[in-house]
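J.: So that we are looking at the same thing, I have put the structure below in structure tokens.
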């Protein structure tokens, strides 16, 4: 097995939203009615998305359009709105990030240009496609124009120019940059220098701030997974890789002006304080969440380890209560709910939530626990798993595949071409079923696709997300920040791409279902969890064939 040590290589879907569920669509009757239905649905989506835009609820708008684009990937209108709202979301999120504002306050114009040059050098060396420098500069201009419409940006930089002057500057900037010949990385840096100087001369805007907008525009608009990482975001990425962070231990989703608790991490401060999935946070330290954007409300939950926050919660029964929760370091288990399913012939079950550094050892511990409990077959639940470390997915697959290719990667540069193979030693020979859904992505797809192609088990559920690219994390020398770059595409053992295609299950379950909010499928009734029930039937068939 050939592997790469540095930088960290990720196969993870950068979901901008929490999980969305859809019911299966009805079978087509004729092409024309189906096209008419799709056009009507797309129109409704655009209208709803526009409402969120007008209310400047950028986080919710991005999540909404992301969901819509996944349903209708060929619709250019939905894609444009997704890209537009993401620009607004990125600006607002950056300026709520104290580490970004602190770095910006320390950057001289020259240091900002040095940072831009370092980022574009990494794009030139590592990005999966050769950068088109003129387009990168145009994306930076788009990013700056969006920033100039955001109050957080204008207030931070004390831009005193009135709307007419700002609009005049925008037009002049477009003309100047549009007429500039940009054919190389040096040309791009020259154009950005000009933009910074012009912004200072016309509206008194910090040229360092302009350069950083061009830096973010050069990365964040390339694809949904490539991004500039602020110091805090870089730290968060490494924490996710290690499987721990400081916080409350909840997964959240915006809902009707509140923060819906989607999942409570076992053993976390939230779990110890009695928070439960399905409850909604309506106030944080007596500040109503409805008066803040989603990101602002979520930021109120953050703080140093040992500090406390008071939450006002609305339960599923619409009863309100207040709970004080102390922030602590949270260890995130990559595997949970390890058990023998009741009412079955010793069918083992575990839920694999992500692929992090600890996952291989966690999996070994879980497998031996199930083995000692008498496991005869195994169901691995990867529904909602967004991915993680590529090498971890390989190591997990290696425990069930006797030999051959697990995954291959191909990039623009030869150093991004790798073939990862399995070893027979240490392979578990237990009958295996893998559950996936539309939110199983990246590293989860690597694992499920390898199991399917090698016929090492049966894949059950719905077609997976279809994210087939690898990202590398590159820290920057010019600042305590970094970039996440798409460096390669990955392919199944049979050589098929995953991007936009995903993994098609051996057994397709039309109705989408997920484990209960705490991840525990505690009943086997098909009405509760048809994917799990189909998985049990599949694993029983495997046992019968032995």
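Residue numbers (the working numbering): 5 to 550.
Backbone N, C-alpha and C fix where the C-beta goes; we use that ideal spot for every residue, glycine too.
(1) In chain order, what residues of the same chain lie with their CB nearer than 7 Å to the CB of residue 105, ignoring the 5 residues before and after it?
(2) Between which residues of its own chain and residue 551 is the CB-CB distance below 7 Å, once the five residues before and five after are set aside?
(3) For residue 343, which residues does DSSP report across the bridge?
(4) What is the DSSP secondary structure of residue 321, counted as helix, strand or coil?
(5) Going by the beta-carbon positions, is the gap between residue 552 and residue 385 smaller than 9 Å?
(6) Where do the N-terminal and C-terminal ends of the alpha helix (DSSP H) with residue 481 fall, by residue?
(7) Which word fits residue 320, buried or exposed, when buried means at least 16 other C-beta atoms lie within 10 angstroms of its C-beta?
(8) Counting Cβ pairs, one atom from each stretch, are 3 or more of them under 8 Å apart for the stretch 379-393 and the stretch 349-361?
(9) State the start and end residues of the unbroken alpha helix (DSSP H) segment that holds residue 365.
(10) Spatial neighbours of residue 508 within its chain, please: CB distance less than 7 Å, with the 5 preceding and 5 following residues excluded, ordered by chain position.
(11) Check the DSSP bridge columns for residue 425 and list the partner residues they point to.
(12) Identify whether residue 336 lies in helix, strand or coil by the three-state DSSP scheme.
(13) Where does residue 141 sit, in a helix, a strand or coil, going by DSSP?
(14) Could you give the uninterrupted runs of the beta strand (DSSP E) lying entirely in the stretch 426-508, keeping only those of 3 residues or more?
(15) Under three-state DSSP, which class holds residue 28?
(16) Cβ atoms of residue 274 and residue 316: under 9 Å apart, would you say?
(17) Using three-state DSSP, classify residue 102 as helix, strand or coil.
(18) Pull up the distance between the alpha-carbon of residue 517 and that of residue 511, whole angstroms please.
(19) With a 10 Å radius around its C-beta and 16 neighbouring C-beta atoms as the bar for buried, classify residue 49 as buried or exposed.
(20) With a Cβ-Cβ cutoff of 9 Å, do residue 56 and residue 64 count as a contact?
(21) To the nearest angstrom, report how far apart residue 444 and residue 188 are at their CA atoms.
(22) Considering only C-alpha positions, which residue in the set 158, 242 and 368 is nearest to residue 477?
(23) Just how far apart, CA to CA, sit residue 228 and residue 75?
(24) Could you spell out where the alpha helix (DSSP H) holding residue 257 opens and where it closes?
(25) Answer with buried or exposed for residue 96, where buried requires no fewer than 16 other C-beta atoms within 10 angstroms of its C-beta.
(26) Only counting the same chain, and skipping five residues up and downstream in sequence, which positions put a Cβ closer than 6 Å to that of residue 392?
(27) Considering only the beta carbon of each residue, do residue 184 and residue 168 sit closer than 9 Å?
(28) Under 9 Å between the Cβ atoms of residue 415 and residue 377?
(29) Assuming contact is defined by CB atoms lying nearer than 9 Å, are residue 170 and residue 163 in contact in what I supplied?
(30) Shortest alpha-carbon distance to residue 226 belongs to which of 500, 413, 215 and 136?
(31) Do the stretch 125-134 and the stretch 202-216 make contact, defined as three or more Cβ pairs closer than 8 Å?
(32) State whether the stretch 364-377 contacts the stretch 335-343, with contact taken as three or more CB pairs (one from each stretch) at a distance under 8 Å.
(33) If you follow the alpha helix (DSSP H) that residue 290 is in, where does it begin and where does it stop?
(34) For residue 314, name the three-state secondary structure that DSSP assigns.
(35) Can you tell me whether residue 292 is buried or exposed? The criterion is at least 16 other CB atoms within 10 Å of its CB, across all chains shown.
(36) Taking buried to mean at least 16 other C-beta atoms within 10 Å of its own C-beta, is residue 130 buried or exposed?
T.: Quick answer:
(1) 99 and 160
(2) As shown, the chain starts at 5 and ends at 550. That puts residue 551 outside it, with no answer to give.
(3) 353
(4) coil
(5) Outside the shown range of the chain, which is 5 to 550, sits residue 552, and nothing can be said about it.
(6) Counting along the chain, residue 481 falls outside any alpha helix (DSSP H), and DSSP gives it neither H nor E.
(7) exposed
(8) yes
(9) 363-376
(10) 467
(11) 409
(12) coil
(13) helix
(14) 436-440, 462-465, 473-479 and 486-495
(15) Residue confidence is low: residue 28 scores 27 on pLDDT, short of 50, so the model does not pin down where it sits. No coordinate-derived value is stated.
(16) no
(17) helix
(18) For residue 517, the predicted structure reports a pLDDT of 42, less than 50, and the residue's modelled location is therefore unreliable. A value from the coordinates is still provided. Residue 517 and residue 511: Cα-Cα distance of roughly 14 Å.
(19) buried
(20) yes
(21) 39 Å
(22) 242
(23) 16 Å
(24) Unbroken run through residue 257 is the beta strand (DSSP E), 254-259; no alpha helix (DSSP H).
(25) buried
(26) 16, 358, 359, 360 and 447
(27) no
(28) no
(29) yes
(30) 136
(31) no
(32) yes
(33) From DSSP, residue 290 is part of no alpha helix (DSSP H); its letter is neither H nor E.
(34) strand
(35) exposed
(36) buried
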